[in-house]
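Enquirer: Below you'll find the structure I mean.
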Amino acid sequence: MKSIQRRLSLGLIAVMVVVGLVMAQTSLWLFEVGLQRYLESGLRNESENLLVALVRGPAGLQLDDHRLSGAYQRPLSGHYFRMDLPQGHWRSRSLWDFELPP
21 MKSIQRRLSL GLIAVMVVVG LVMAQTSLWL FEVGLQRYLE SGLRNESENL LVALVRGPAG
81 LQLDDHRLSG AYQRPLSGHY FRMDLPQGHW RSRSLWDFEL PP
C-alpha cells in the first residue's frame, strides 16, 4: 500500500514539476514577445517622428527643431539620433558629449 502511494506521490510531483517548468517557460516567452513588440512600436514611432521633422527648405532637406521631441534637445536624456544623408548630417542636441559611430 505504501509503495503504491509513494509511486503515485512521486509521479504527481514529477508531473507538477514538468507542468510548472512548461508554464514558466511559456510565461517567459510571452513576456519576451510582448516586450519586443512594445520596443519595436516605440522605435517605429520615434523614427516616424524624426522623418516628419525633416522638411524641404530652400537649401534642400532641413531638420525642423520645433517638430522634434523635447527629449532630443535635453543633454543626457537617453534619447539620441543621428541622421547621415547626402543632403546633410544631423544629430540630437542630447549627443553633446559623444560621437556615435557611423
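Each number in my numbering comes from the position in the sequence shown (counting from 1) with 20 added on. All residues carry an ideal CB built from backbone N, CA and C; glycine is no exception.
Looking at A73: is its Cβ nearer than 7 Å to the Cβ of L83?
Expert: Contact flag set, yes.
Enquirer: Let me know the secondary structure DSSP gives W49 once reduced to three states.
Expert: If DSSP states are grouped into helix, strand and coil, W49 belongs with the helices.
Enquirer: G108 by DSSP, collapsed to three states: which one?
Expert: DSSP places G108 in strand when its eight states are reduced to three.
Enquirer: By a C-beta neighbour count over all protein chains shown, 10 Å radius and 16 as the cutoff for buried, is L30 buried or exposed?
Expert: The residue is exposed, with fewer than 16 neighbouring Cβ atoms inside 10 Å.
Enquirer: From the DSSP secondary-structure annotation, give me the bridge partner or partners of R102.
Expert: Note: R102 sits in a beta bridge opposite R111.
Enquirer: Assuming the contact rule is C-beta atoms closer than 8 Å, R102 and L115 should be a hit. Round their C-beta distance to whole Å, please.
Expert: Confirmed, Cβ separation roughly 7 Å.
Enquirer: Nearest-angstrom Cα distance between E52 and G62?
Expert: When rounded, the distance between both Cα atoms is 15 Å.
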